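One structure is given here, and the rest of the page talks about it.
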Amino acid sequence: PTVTTQAVTGILTTTAIGNGNVTSLGIPNPTQHGFVWALTANPTTANSKTTDGTVSATGAFTSNITGLTPNTLYHVRAYATNDAGTVYGEDVTFTTLLAPSVTTQTVTNISTTTATCNGTVTVLGSSNPSQHGCVWSTALNPTIADSKTTDGPVTLTGPFTSAITGLNPGTLYH
Numbered sequence: 001p002t003v004t005t006q007a008v009t010g011i012l013t014t015t016a017i018g019n020g021n022v023t024s025l026g027i028p029n030p031t032q033h034g035f036v037w038a039l040t041a042n043p044t045t046a047n048s049k050t051t052d053g054t055v056s057a058t059g060a061f062t063s064n065i066t067g068l069t070p071n072t073l074y075h076v077r078a079y080a081t082n083d084a085g086t087v088y089g090e091d092v093t094f095t096t097l098l099a100p101s102v103t104t105q106t107v108t109n110i111s112t113t114t115a116t117c118n119g120t121v122t123v124l125g126s127s128n129p130s131q132h133g134c135v136w137s138t139a140l141n142p143t144i145a146d147s148k149t150t151d152g153p154v155t156l157t158g159p160f161t162s163a164i165t166g167l168n169p170g171t172l173y174h
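So for the sequence shown, this note's numbering puts the first residue at 1; every next one is plus one.
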């Protein structure tokens, strides 16, 4: 068989999507195909791989590449195997994203219905965050699905404050 490797898409912190093309089936048809990846050039099936099964027609294929480390350069190649052996597409590189990181400090200026949230952006991530702020709830571990402030994009690491409003008096918030 013959295969080609196209640019990796859907790149996140620990996953990406491999894109390849079976351009010739060979004889007999491939019994296995997918993608191989590693930190070094020209990975093989001895490295991490997807196993997407048999191939009965030429054409494009994709596969989810998982278990990656954030902010890391990877080499990936499409592959196909038949009784004659394993062939590989071109070596293509991509870098996984790095998520931003924040810490939460003590809430200050607490009144009956308002408070000031204090946080620090410690890592911007692969690209500057498009939004930052604070989340709160009466339940543990609030998320952005709970009440939140939306303080806009961030271009520098460092401390920030955010005004929490609409609180109920005498209520415990997380």
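Glycine residues also receive a C-beta, built at the ideal position from the N, C-alpha and C atoms.
Predicted model, so just to flag it, every value in this text is computed and none were measured.
Range of the contiguous beta strand (DSSP E) that encloses residue i
i	result
residue 118	115-123
residue 25	Residue 25 -> no beta strand (DSSP E), and no H or E assigned at all.
residue 154	Neither: residue 154 is in no beta strand (DSSP E) and is coded neither H nor E.
Residue i versus residue j - alpha carbon distance
i	j	result
residue 140	residue 68	29 Å
residue 37	residue 77	7 Å
residue 35	residue 23	15 Å
residue 172	residue 20	53 Å
residue 155	residue 126	12 Å
residue 162	residue 150	9 Å
residue 144	residue 10	23 Å
residue 91	residue 80	14 Å
residue 101	residue 66	22 Å
residue 72	residue 159	27 Å
residue 157	residue 121	5 Å
Exposed unless 16 or more other CB atoms sit within 10 angstroms - verdict on residue i
i	result
residue 261	Any property of residue 261 remains undetermined from this structure, which presents the chain solely from 1 to 174.
residue 82	buried
Handout entry: Three-pair Cβ contact test at 8 Å for the segment 90-98 versus the segment 12-27
Key = Flag = yes, the segment 90-98 and the segment 12-27 touch.
Exercise for the section: Mind the definition here: the segment 108-122 touches the segment 53-67 only if three or more C-beta pairs lie below 8 Å; say whether that holds. Expected result: Contact between the segment 108-122 and the segment 53-67 is absent, because fewer than three Cβ pairs lie under 8 Å.
Handout entry: the segment 45-52 touching the segment 130-137, judged by at least three CB pairs closer than 8 Å
Key = The segment 45-52 is not in contact with the segment 130-137.
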